[in-house]
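A.B. asks:
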Amino acid sequence: MDSKRISRRSFMGRAAGATGGMLAGRTIRLEASAPDTTPARPVPPSDTIRFGIIGVGMRGSGLLRDAISLPGVQCVAACELYTGRQELARQIVDKPIQVTGRYQELLENKDIDCIIAPMPDHWHQRIVLECCQAGKDVYVEKPMTHEVAQGFPMIEAAKKHNRIVQVGSQEPSSVIYQKARELLRQGAIGDVCLVESSLGRNSPCGAWNYTVPPDLSPKTVDWETWLGPAPRRPFSAQRFTRWRNWQDYGEGASGDLFIHSLTGIHYALDVTAPPKRAATMGGLFHWKEGRDVPDVITTLYEYPNFRATLRVTLNTSDDEIYRFMGTRGIMEIHGIENPSGFTIWPQDGKNDSPCTPAWPQPMSSTYAKRWHAEHDTQPGEAKPIEAAGYYAPPNYNDTREHLWNFFQSVRTRRPSVEDAEFGNNAAIACHMANYSYFNNALAVWNAEERKLTSA
Ligand SMILES: NC(=O)c1ccc[n+]([C@@H]2O[C@H](COP(=O)([O-])OP(=O)(O)OC[C@H]3O[C@@H](n4cnc5c(N)ncnc54)[C@H](O)[C@@H]3O)[C@@H](O)[C@H]2O)c1
Numbered sequence: 448m449d450s451k452r453i454s455r456r457s458f459m460g461r462a463a464g465a466t467g468g469m470l471a472g473r474t475i476r477l478e479a480s481a482p483d484t485t486p487a488r489p490v491p492p493s494d495t496i497r498f499g500i501i502g503v504g505m506r507g508s509g510l511l512r513d514a515i516s517l518p519g520v521q522c523v524a525a526c527e528l529y530t531g532r533q534e535l536a537r538q539i540v541d542k543p544i545q546v547t548g549r550y551q552e553l554l555e556n557k558d559i560d561c562i563i564a565p566m567p568d569h570w571h572q573r574i575v576l577e578c579c580q581a582g583k584d585v586y587v588e589k590p591m592t593h594e595v596a597q598g599f600p601m602i603e604a605a606k607k608h609n610r611i612v613q614v615g616s617q618e619p620s621s622v623i624y625q626k627a628r629e630l631l632r633q634g635a636i637g638d639v640c641l642v643e644s645s646l647g648r649n650s651p652c653g654a655w656n657y658t659v660p661p662d663l664s665p666k667t668v669d670w671e672t673w674l675g676p677a678p679r680r681p682f683s684a685q686r687f688t689r690w691r692n693w694q695d696y697g698e699g700a701s702g703d704l705f706i707h708s709l710t711g712i713h714y715a716l717d718v719t720a721p722p723k724r725a726a727t728m729g730g731l732f733h734w735k736e737g738r739d740v741p742d743v744i745t746t747l748y749e750y751p752n753f754r755a756t757l758r759v760t761l762n763t764s765d766d767e768i769y770r771f772m773g774t775r776g777i778m779e780i781h782g783i784e785n786p787s788g789f790t791i792w793p794q795d796g797k798n799d800s801p802c803t804p805a806w807p808q809p810m811s812s813t814y815a816k817r818w819h820a821e822h823d824t825q826p827g828e829a830k831p832i833e834a835a836g837y838y839a840p841p842n843y844n845d846t847r848e849h850l851w852n853f854f855q856s857v858r859t860r861r862p863s864v865e866d867a868e869f870g871n872n873a874a875i876a877c878h879m880a881n882y883s884y885f886n887n888a889l890a891v892w893n894a895e896e897r898k899l900t901s902a
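So my numbering is basically just the index in the sequence shown, starting at one, shifted up by 447.
1. Under a Cβ-count criterion, where at least 16 other Cβ atoms within 10 Å of its own Cβ denotes burial, should D483 be classed as buried or exposed?
2. Under 7 Å: does the beta carbon of P565 sit that close to some heavy atom of ligand 1?
3. Would the segment 570-585 and the segment 817-834 be scored as touching if the rule is three or more Cβ pairs under 8 Å?
4. Checking the sheet assignment: what are the DSSP bridge partners for S856?
5. Determine, using beta carbons only, whether W693 and D739 come nearer to each other than 8 Å.
6. Identify the continuous alpha helix (DSSP H) that holds M879 and give its terminal residues.
7. Which same chain residues end up closer than 6 Å to T756 when comparing Cβ atoms and leaving out the 5 residues on each side of it in sequence?
8. Measure the C-alpha to C-alpha separation of S664 and V490 and round it to an integer number of angstroms.
9. Compute the Euclidean distance between the alpha carbons of R679 and V759, then round it to the nearest angstrom.
10. Among all the DSSP beta bridges, which residues are the ones paired with P793?
11. Below 8 Å, how does it come out for the segment 496-504 and the segment 549-566: are there three or more Cβ pairs, yes or no?
12. Output the distance between the C-alpha atoms of R537 and R512, rounded to the nearest integer angstrom.
13. Check D662 in the structure and name its three-state DSSP category.
14. Quick check on the DSSP output: the alpha helix (DSSP H) that includes G737 runs from which residue to which?
15. Using three-state DSSP, classify A525 as helix, strand or coil.
16. Which word fits D742, buried or exposed, when buried means at least 16 other C-beta atoms lie within 10 angstroms of its C-beta?
17. Which residues in the same chain as A726 place their Cβ atom closer than 6 Å to its Cβ, once the five residues preceding and following it in sequence are excluded?
18. I'd like to know whether the C-beta atoms of G472 and T495 end up nearer to each other than 8 Å.
19. Are the CB atoms of S787 and Y750 nearer to each other than 8 Å?
20. Using a threshold of 7 Å, is the CB atom of E527 nearer than that to any non-hydrogen atom of ligand 1?
21. For ligand 1, is there a heavy atom less than 7 Å away from the beta-carbon of W690?
22. Is the closest heavy atom of ligand 1 to the C-beta of S863 under 7 Å?
23. In whole angstroms, give me the CA-to-CA distance for A835 and T474.
24. Would you mind reading off the limits of the beta strand (DSSP E) that contains M904?
25. If you draw a straight line from the C-alpha of V891 to the C-alpha of T745, how long is it?
26. Cβ of D799 within 7 Å of any heavy atom in ligand 1?
27. What residue ranges within the segment 569-646 form continuous alpha helix (DSSP H) runs of no fewer than 4 residues, ordered along the chain?
28. Alpha carbon to alpha carbon, what distance is there between P841 and R476?
29. Per the DSSP calculation, V546 is bridged to which residue(s)?
30. Between which two residues does the alpha helix (DSSP H) containing G531 stretch?
31. Would you mind reading off the limits of the alpha helix (DSSP H) that contains W670?
32. How many Å lie between H569 and V587 at the Cα?
33. For P681 and Q613, I'd like the C-alpha separation in whole angstroms.
34. Any idea if M728 is buried or exposed, counting beta-carbon neighbours within 10 angstroms, 16 or more meaning buried?
35. Under the rule that 16 or more other beta-carbon atoms within 10 Å means buried, what is P486, buried or exposed?
36. Whole angstroms is fine: what's the gap from G626's alpha carbon to M810's?
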């Protein structure tokens with residue numbers, strides 16, 4: 448839990464401050480659902496899921512650690528193009544596994560039930576199609592696609608080959624989003640008309656300028672394979688390490704960060720299609736070292752029943768926050784990439800005094816008298832409006848929960864919590880933000896033709 452954020456937004460302090468003591472508060476701790484590393488009963492080998500991982504970089508190394516911490520799950524192979532990370536995979540698993548630079552070997556390996564694929568975004572479509580064709584279920588990282596046109600063939604491949612495809616923005620597996628969605632469906636804050644999300648970072652690491660490993664060279668990296676479907680260019684240690692900065696491989700802040708907000712919004716509000724329109728403004732103001740994506744981006748989305756505004760800056764550190772704003776209050780989720788909890792601030796949507804602007808006397812005072820007689824609470828009758836804070840347990844890890852859900856789907860053949868259709872809708876929304884920015888126009892989703900147009 449981010450103690451700085453929680454203390455600043457101190458739940459009880461804010462509750463009392465906001466209404467002079469009329470707002471009461473409850474805090475509720477949510478429980479993780481994935482099992483502990485050591486289960487009560489050992490999992491028989493026949494029930495064990497054997498996975499291979501393709502890409503053991505920043506995300507892959509974390510996913511690998513989390514996956515092998517789950518009971519009944521075993522890593523049997525890792526594929527990496529950089530020798531340093533081949534070594535890292537061996538270090539993490541700490542047992543004999545197949546390590547290779549050719550992912551095709553994992554797809555051909557009959558001992559492997561499923562694949563985890565935390566590869567850069569330009570690889571997502573190709574790896575999902577090949578996994579499905581090879582009969583492997585696949586956990587692919589977010590955003591599901593690098594371009595709008597890529598998503599529909601991925602959905603079709605999953606259906607045709609009867610494969611589980613789970614996309615890796617972990618919000619739908621988070622106890623925080625699950626509870627938030629349940630409460631939103633129950634009308635805890637009335638009708639949601641507007642959602643805001645904002646996130647700010649202010650460091651080279653936050654702006655994706657990760658330190659380049661000193662041994663990176665064409666000798667330690669299979670650069671041609673890494674480029675995959677991207678345009679050919681000479682080896683670049685910068686591009687290998689900081690690929691998010693270039694549209695050839697990533698989508699900038701939209702694909703890296705908006706996608707978490709979009710996934711959370713789609714999940715919490717049961718959105719099953721891309722937004723109708725999106726308008727973006729942004730700019731590249733600070734990180735002018737050669738990237739071709741903006742470092743400030745704000746997008747306004749039009750969904751049928753609500754609007755959403757998303758904002759990311761890589762130039763100023765700021766709270767990560769979502770605000771679902773309804774006719775009966777605000778639900779505020781703390782944290783976008785790793786949410787720690789949420790708070791509901793209720794509102795009753797009623798007048799708190801007679802609403803009679805510029806009425807003449809005695810009409811105004813007669814009405815006011817009647818209004819107070821009908822509406823004022825009598826001494827002892829006042830009921831506090833109850834605000835509620837919901838928090839994840841300490842060290843909560845929603846990615847581990849997401850992996851658990853994936854392996855459960857692989858085991859049971861139950862649909863994944865974040866399937867290709869869901870992933871495609873969220874990814875299209877993220878591409879709409881960039882389409883609007885780079886075309887300097889309103890992005891319009893044409894559902895019939897499955898493409899974006901401008902207005
Ligand atoms: N869900 C989340 O919260 C979250 C967080 C971070 C990253 N991600 C996603 O994870 C993915 C990976 O991001 P990252 O930061 O780990 O990138 P990274 O560059 O650190 O790691 C990617 C690794 O994939 C390897 N790779 C690329 N092509 C390969 C191939 N054909 N065969 C084998 N290995 C290959 C590279 O060598 C590299 O080591 C991205 O899609 C990113 O958006 C998700």
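Glycine residues also receive a C-beta, built at the ideal position from the N, C-alpha and C atoms.
C.D. replies: Taking the structure as given:
1. By 1-based counting over the sequence shown, the position of residue 483 is 36. Burial call: exposed.
2. What you label residue 565 is simply residue 118 of the sequence shown in a count that begins at 1. Under cutoff, so the answer is yes.
3. no
4. Here residue 856 corresponds to residue number 409 of the sequence shown, with the count starting at 1. In the DSSP output, where bridge partners are listed per residue, S856 has none listed.
5. As a first step, residue 693 must be located in the sequence shown, where it is residue number 246. As a first step, residue 739 must be located in the sequence shown, where it is residue number 292. It is a contact, given that the beta carbons lie within the stated cut-off.
6. Here residue 879 corresponds to residue number 432 of the sequence shown, with the count starting at 1. Here the alpha helix (DSSP H) through M879 covers 867-886.
7. Locating residue 756 in the sequence shown gives position 309, counting from the first residue. The answer, listed in chain order, is E643, L747.
8. Position 217 of the sequence shown holds residue 664. Position 43 of the sequence shown holds residue 490. Straight-line Cα distance between these residues: approximately 43 Å.
9. Residue 679 sits at position 232 when you count from the first residue of the sequence shown. Residue 759 sits at position 312 when you count from the first residue of the sequence shown. Cα-Cα distance, rounded: 30 Å.
10. Here residue 793 refers to the residue found at position 346 when the sequence shown is read from its first residue. P793 is bridged to G776.
11. yes
12. For the purposes of this step, residue 537 is taken as the residue at position 90 of the sequence shown. For the purposes of this step, residue 512 is taken as the residue at position 65 of the sequence shown. If you take the alpha carbons of R537 and R512, they lie about 11 Å apart.
13. In the sequence shown, the residue the question calls residue 662 occupies position 215. Coil, per DSSP.
14. For this step, residue 737 is matched to residue 290 along the sequence shown. Note, G737: premise wrong, no alpha helix (DSSP H); not H, not E.
15. Residue mapping note: residue 525 aligns to position 78 of the sequence shown, counting from 1. A525: strand per DSSP, three-state reduction.
16. Stepping through the sequence shown from its first residue, residue 742 is reached at position 295. Buried.
17. As a working mapping, residue 726 is identified with position 279 in the sequence shown. So the list reads L747, S883, L889, once near-sequence residues are dropped.
18. Indexing the sequence shown from 1 puts residue 472 at position 25. Indexing the sequence shown from 1 puts residue 495 at position 48. Not a contact, by the Cβ cut-off of 8 Å.
19. Sequence index remark: in the sequence shown, residue 787 carries index 340 (1-based). Sequence index remark: in the sequence shown, residue 750 carries index 303 (1-based). No, they are not a contact pair.
20. Position 80 of the sequence shown, counted from the start, is the residue given in the question as residue 527. Checking every heavy atom of ligand 1 against the Cβ of E527, one is found closer than 7 Å.
21. The count along the sequence shown starts at 1 and reaches residue 690 at position 243. Yes - ligand 1 has a heavy atom lying nearer than 7 Å to the Cβ of W690.
22. For the purposes of this step, residue 863 is taken as residue 416 along the sequence shown, with counting starting at 1. Flag unset: Cβ of S863 not near ligand 1.
23. For the purposes of this step, residue 835 is identified with residue 388 of the sequence shown, where counting begins at 1. For the purposes of this step, residue 474 is identified with residue 27 of the sequence shown, where counting begins at 1. Cα to Cα, A835 sits roughly 6 Å from T474.
24. Here the chain covers residues 448 to 902 and nothing more, so residue 904 does not appear.
25. Stepping through the sequence shown from its first residue, residue 891 is reached at position 444. Stepping through the sequence shown from its first residue, residue 745 is reached at position 298. When rounded, the distance between both Cα atoms is 17 Å.
26. On the sequence shown, residue 799 is found 352 positions in, with the first residue counted as 1. Result no, Cβ not under 7 Å from ligand 1.
27. 571-580, 598-607, 622-632
28. Residue numbering aside, residue 476 sits at position 29 when the sequence shown is read from its first letter. Residue numbering aside, residue 841 sits at position 394 when the sequence shown is read from its first letter. Each residue's alpha carbon lies about 10 Å from the other.
29. The count along the sequence shown starts at 1 and reaches residue 546 at position 99. BP columns for V546 point to A525.
30. To locate residue 531, count along the sequence shown from 1; it is residue 84. Run containing G531: 530-540, per the alpha helix (DSSP H) assignment.
31. The residue given as residue 670 occupies position 223 in the sequence shown. 670-674 is the extent of the alpha helix (DSSP H) around W670.
32. Counting from one through the sequence shown, the residue named residue 569 turns up at place 122. Counting from one through the sequence shown, the residue named residue 587 turns up at place 140. Whole-angstrom Cα-Cα distance: 12 Å.
33. Walking along the sequence shown from the start, residue 681 turns up at place 234. Walking along the sequence shown from the start, residue 613 turns up at place 166. Spanning the two alpha carbons is a distance of roughly 33 Å.
34. Within the sequence shown, numbered from 1, the residue matching residue 728 stands at position 281. Per the 10 Å Cβ criterion, exposed.
35. Residue 486 sits at position 39 when you count from the first residue of the sequence shown. Flag for P486 reads exposed.
36. By 1-based counting over the sequence shown, the position of residue 626 is 179. By 1-based counting over the sequence shown, the position of residue 810 is 363. Here the sequence assigns Lys to residue 626, which means Gly is not the residue at that position. Using only the alpha carbons, I get a separation of about 48 Å.
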